[in-house]
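Some notes on the structure that comes next.
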Amino acid sequence: MGFDPVGDYPLGSRRPDLVQTPSGLALEEVTLESARRGALSAADLRATPATLRRQASVARAAGRAQLADSLERAAELATVPDGELLEIYTALRPGRSTAAQLEQWAVRLEGWGAQRTAAFVREATAAYGERGLLGA
Numbered sequence: 014m015g016f017d018p019v020g021d022y023p024l025g026s027r028r029p030d031l032v033q034t035p036s037g038l039a040l041e042e043v044t045l046e047s048a049r050r051g052a053l054s055a056a057d058l059r060a061t062p063a064t065l066r067r068q069a070s071v072a073r074a075a076g077r078a079q080l081a082d083s084l085e086r087a088a089e090l091a092t093v094p095d096g097e098l099l100e101i102y103t104a105l106r107p108g109r110s111t112a113a114q115l116e117q118w119a120v121r122l123e124g125w126g127a128q129r130t131a132a133f134v135r136e137a138t139a140a141y142g143e144r145g146l147l148g149a
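The numbering used here applies: residue 14 is where the sequence shown begins, and numbers increase by one.
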């Protein structure tokens with residue numbers, strides 16, 4: 014069965030069959046009772062790349078291109094380890110990184126399949142350079 018970004022929104026109520034946890038639990042299995050039983054892990058409370066891409070389709074269909082772009086980058090980053098995400102976040106703060114260091118992050122992101130996010134880092138690098146916000 015296909016996905017209609019207009020008719021299937023909101024996913025949780027109209028197409029719960031399309032929403033699952035990273036470990037494969039169905040949305041209906043994510044309950045307070047499951048948490049009390051210890052049947053859920055912290056990872057089960059995360060959005061999957063597939064769900065984020067579907068949400069991006071919904072946003073794009075609603076004419077919200079910037080939100081869609083952000084959700085597509087989030088889908089790319091959903092499988093990047095938390096520690097790496099925090100390092101990237103820190104590296105992107107003004108004055109924290111050189112252009113070469115940010116380029117290294119872009120290359121690493123491409124290695125994780127995060128091409129859009131790598132392009133975003135390169136765009137930020139150029140903007141930081143123009144504004145004198147790169148580290149020494």
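Even glycine gets a Cβ: it sits at the ideal position worked out from N, Cα and C.
### Task
Going by CA-CA distance only, name the one from A48, S54, Q68 and L53 that's closest to V32.
Of the candidates A48, S54, Q68 and L53, the one whose C-alpha sits nearest the C-alpha of V32 is Q68.
### Query
What are the residues that DSSP puts in a beta bridge with Q33?
Note: Q33 is bridge-paired with A39 in the DSSP secondary-structure output.
### Query
Using the C-alpha atoms, what's the distance from A91 back to A127?
In this structure, the straight-line span from the alpha carbon of A127 to that of A91 is close to 10 angstroms.
### Query
Cβ of L115 within 8 angstroms of Cβ of T138?
For L115 and T138, yes; Cβs fall inside 8 angstroms.
### Task
For W118, name the three-state secondary structure that DSSP assigns.
In the displayed model, W118 falls within a helix according to three-state DSSP.
### Query
Of all the options A113, E136 and W118, which has the alpha carbon lying nearest to the alpha carbon of A149?
The shortest C-alpha separation from A149 is found at A113.
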